[in-house]
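Peer 1:
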Amino acid sequence: MPFKIPILQRYILWEVLRVFAFVLTCITVLLVFVGVFQQATERGLTPAHALQVLPFVVPHMLPFTIPAAMLLTVSLVYGRLAGDQEVIAAKSAGIHPVSLMLPALFLGATLSAGTLVLSDQMIPWSMTKIEQHAISVLEDVFIERLRTELQFSDRGTGLHVHVAAVDDRKLIHPVFRYAKNGRIVTMQAEEAELRLDLKRQEVVIAMTNGFIELPGDHRVFFSGTQEERIRWEREDEVRKARDLPILSIGTEIEQIESFRETQKKKRAIQAFMSMTGANFQQLVGDVKTTTKELNGDRKRYNKLNTEVHSRYAMACSCFFFALLGSPVAIRFGQSQFLKSFMLCFVPIVCGYYPLMLGLMAQSKNGHISPVWSMWIANLIVIALSWFVMRKVVRY
0 MPFKIPILQR
10 YILWEVLRVF
20 AFVLTCITVL
30 LVFVGVFQQA
40 TERGLTPAHA
50 LQVLPFVVPH
60 MLPFTIPAAM
70 LLTVSLVYGR
80 LAGDQEVIAA
90 KSAGIHPVSL
100 MLPALFLGAT
110 LSAGTLVLSD
120 QMIPWSMTKI
130 EQHAISVLED
140 VFIERLRTEL
150 QFSDRGTGLH
160 VHVAAVDDRK
170 LIHPVFRYAK
180 NGRIVTMQAE
190 EAELRLDLKR
200 QEVVIAMTNG
210 FIELPGDHRV
220 FFSGTQEERI
230 RWEREDEVRK
240 ARDLPILSIG
250 TEIEQIESFR
260 ETQKKKRAIQ
270 AFMSMTGANF
280 QQLVGDVKTT
290 TKELNGDRKR
300 YNKLNTEVHS
310 RYAMACSCFF
320 FALLGSPVAI
330 RFGQSQFLKS
340 FMLCFVPIVC
350 GYYPLMLGLM
360 AQSKNGHISP
370 VWSMWIANLI
380 VIALSWFVMR
390 KVVRY
């Protein structure tokens, strides 16, 4: 016999879904445009390019907008049910108040699982797509910036360009400066063209009639076309923890732990050899070098470990917000939007997120363990929901 959802719970579930879809759309639209322009500003993209990045920014924002939308939804829906005396009518008919909250709890649990998948898979994917798109339009950014400002500097490549003018896509009397093997190389030509080699991740500069000035005032003149390639990818660039899936983070954590064990053994051997030869100066130097390496890895380890536990905790907030928001809205039920908003949504958001961010910062600095600190805010929410739930069931 197929399982059937009772009519009352179907009605509440539909109301929750309808309001949630509307609230999530509004919050996401507001925050997405802020995220788009932030990403565009950081990467020097134009508004047209920013709109092209929009589909990839949406998944990046959803793990933050879904819990807030869920909390506001249960505040509105159950506040209206209580304000219209529907909860009292249901209790008079012998329906337990907890059964009225089951649709919100079911949706909260489903959204928690979905949010975890989004934060673990979609955010790294979206950030990769944003980076790829930024690289693909970098050529247009070069030309547009040079056309308007007659100069361009890129910290990633170390390339600095000055031009007299830009004719279509040709650079007139350009001067290029960039670092090569730790030394500054200067190139000057009558005209030049820029293009990107996406496969090799290189900026290709085709110059006509000019010279290349090497370190030590050595100039190499050329006539005709001379091509120079500059890599834009930094070798020492490390991806942020939030841009990595959990499996990749776990692999890197294991590598760091293995490296730390190796370094500790190496330090013990170095100390033994230095003490045997009475070379205490070398002993101090080896200890400082190894300690510096271990401290750098420890910071990375703390960030990665915090990221893993914070993802699980933040994802579960959808369920815990529903667990607390629905009984609070029923207990202090008001049919007016502003009162429901002030009584439930504002206190939880203003307390939960600042506490999470503060604990996250302390955990990344290695002051506390993320294993338990990332769950403190959720435990507080559970304790408050238990207290309010008792009041709702009793009265």
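The sequence shown begins at 0 in numbering that gives the first Met the number 0 and counts up by one.
In this text, a Cβ means the ideal position worked out from N, Cα and C, and glycines have one as well.
Looking at the structure shown, is Ile379 part of a helix, part of a strand, or coil, going by DSSP?
Peer 2: helix
Peer 1: Contact between the segment 147-167 and the segment 92-111: three or more CB pairs below 8 Å?
Peer 2: no
Peer 1: Which residues mark the beginning and the end of the alpha helix (DSSP H) in which Ile87 is found?
Peer 2: Glu85 to Ser91
Peer 1: Rank Gly365, Val22, Pro5 and Ile252 by C-alpha distance to the C-alpha of Ala67 and give the top, closest one.
Peer 2: Ranking Gly365, Val22, Pro5 and Ile252 by Cα distance to Ala67 puts Val22 first.
Peer 1: Check the C-beta distance from Leu170 over to Glu201 and give it rounded, since I have them as a contact under 8 Å.
Peer 2: Going by Cβ atoms, the distance from Leu170 to Glu201 rounds to 17 Å, so no, they are not a contact pair.
Peer 1: Applying the criterion that 16 or more other CB atoms from any shown protein chain within 10 Å of the CB defines a buried residue, is Phe55 buried or exposed?
Peer 2: buried
Peer 1: Can you tell me where the alpha helix (DSSP H) holding Val348 begins and where it ends?
Peer 2: Val345 to Lys363
Peer 1: Starting from the Cα of Arg230, find the closest Cα among Glu212, Phe221, Asp242 and Arg194 and give me that residue.
Peer 2: Arg194
Peer 1: Where Ile204 and Met126 are concerned, what is the direct C-alpha to C-alpha distance, given to the nearest angstrom?
Peer 2: When rounded, the distance between both Cα atoms is 28 Å.
Peer 1: So, is Val345 buried or exposed, given that buried needs 16 or more other C-beta atoms within 10 angstroms?
Peer 2: exposed
Peer 1: Compute the Euclidean distance between the alpha carbons of Glu234 and Ala178, then round it to the nearest angstrom.
Peer 2: Confidence at Glu234 is low in this model, with a pLDDT of 44, below 50, so the placement of that residue should be treated as unreliable; the coordinate-derived value is given next. Between Glu234 and Ala178, the C-alpha separation is close to 14 Å.
Peer 1: Do the segment 308-328 and the segment 380-388 meet, that is, are 3 or more Cβ pairs less than 8 Å apart?
Peer 2: yes
Peer 1: DSSP on Gly209, reduced to helix/strand/coil?
Peer 2: strand
Peer 1: Evaluate Phe279 with the Cβ neighbour count: other Cβ atoms within 10 Å of its Cβ, from every protein chain shown; 16 or more gives buried, anything less gives exposed.
Peer 2: Model confidence at Phe279 stands at a pLDDT of 49, short of 50, so the residue's coordinates are unreliable and nothing is read from them.
Peer 1: Just list the residues that DSSP pairs Thr224 with in beta bridges.
Peer 2: Beta-bridge pairing links Thr224 to Thr207.
Peer 1: Helix, strand or coil for Met341? Go by DSSP, reduced to three states.
Peer 2: Residue state, collapsed to three classes: helix.
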